[in-house]
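Novice: To start, I am sharing the structure in question, which I have written as structure tokens.
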Amino acid sequence: MTSLGRPSGTAKTLLIVAAAIVSLEALTFAVLAVLELVNVTSGRVGFGIGVTLFFLVFSAGLFWAAWHVARGDSRARSPLVFAQLIGLGLAWNFKADSVAIALAVAVPAAVALACLLAPPVTRALSDEDPV
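For the sequence shown, the working numbering begins at 2 and goes up steadily by one.
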């Protein structure tokens, strides 16, 4: 159901929790974009601008998906699930360098995934008629 109806009850709560977590992730990427842009040096202009643009586009995509999934748009769930899986992969890579950073990335990703894949959310966003 892309926009036929809005989830209610538990599904709505889980979607709002997931959207809030993803919005914080998006805000983090926006801040990282600004920090990258501020720290661009003459020796790495191309790289700095490229990373800044990547962070901004990724941040905008996360904000878009968070907004739409909170409204019950099923099309936004798949990109968010994919982004959280990437987050878990990044956390796995960070674990050797810093357990704190790994946990800071993994915990929100895991909670968002749990919310997005919960049975009430799956039922609410299904295109099938409820039985």
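Even glycine gets a Cβ: it sits at the ideal position worked out from N, Cα and C.
For Ala1 and Arg7, I'd like the C-alpha separation in whole angstroms.
Specialist: Lying before the first or after the last residue shown, residue 1 is absent from the chain, which here runs from 2 to 132.
Novice: What residue ranges within the stretch 3-89 form continuous beta strand (DSSP E) runs of no fewer than 3 residues, ordered along the chain?
Specialist: None, since the stretch 3-89 contains no complete beta strand (DSSP E) of that length.
Novice: What is the rounded straight-line gap between the Cα of Ala110 and the Cα of Ser60?
Specialist: Here residue 110 refers to the residue found at position 109 of the sequence shown. Here residue 60 refers to the residue found at position 59 of the sequence shown. Those two C-alpha atoms are separated by around 15 Å.
Novice: Would Val58 and Ile50 qualify as a contact pair, given that the criterion is a beta-carbon distance under 8 Å?
Specialist: Taking the sequence shown and counting its residues from 1, the one referred to as residue 58 is at position 57. Taking the sequence shown and counting its residues from 1, the one referred to as residue 50 is at position 49. Taking 8 Å as the cut-off, the beta carbon of Val58 is found no closer than this to the beta carbon of Ile50.
Novice: Can you say whether Arg78 is buried or exposed, counting buried as having 16 or more other CB atoms within 10 angstroms of its CB?
Specialist: Locating residue 78 in the sequence shown gives position 77, counting from the first residue. So Arg78 ends up on the buried side.
Novice: Identify, in the order they occur along the chain, each residue of the same chain with its Cβ nearer than 7 Å to the Cβ of Ile22, setting aside the five sequence neighbours on each side.
Specialist: Numbered from its first residue, the sequence shown carries residue 22 at position 21. Contacts found: Pro109, Val112 and Ala113.
Novice: Among Ala67, Arg45, Gly44 and Val52, which one has its Cα closest to the Cα of Ala27?
Specialist: What you label residue 27 is simply residue 26 of the sequence shown in a count that begins at 1. Nearest of Ala67, Arg45, Gly44 and Val52 to Ala27, Cα basis: Ala67.
Novice: Could you name the residues of the same chain whose beta carbon sits closer than 8 Å to that of Leu5, not counting the 5 residues immediately before and after it, in chain order?
Specialist: Sequence index remark: in the sequence shown, residue 5 carries index 4 (1-based). For Leu5, the pLDDT reaches just 49, beneath the cut-off of 50, and the residue's location in the model is therefore unreliable, although a value from the coordinates is still provided. Taken in chain order, the list of residues that qualify is empty.
Novice: The alpha helix (DSSP H) spanning Ala105 covers which residue range?
Specialist: What you label residue 105 is simply residue 104 of the sequence shown in a count that begins at 1. Annotation for Ala105: the continuous alpha helix (DSSP H) segment containing it runs Val100 to Leu118.
Novice: Using the beta-carbon count (16 or more within 10 Å), is Gly88 buried or exposed?
Specialist: If you number the sequence shown from 1, residue 88 lands on position 87. Per the 10 Å Cβ criterion, buried.
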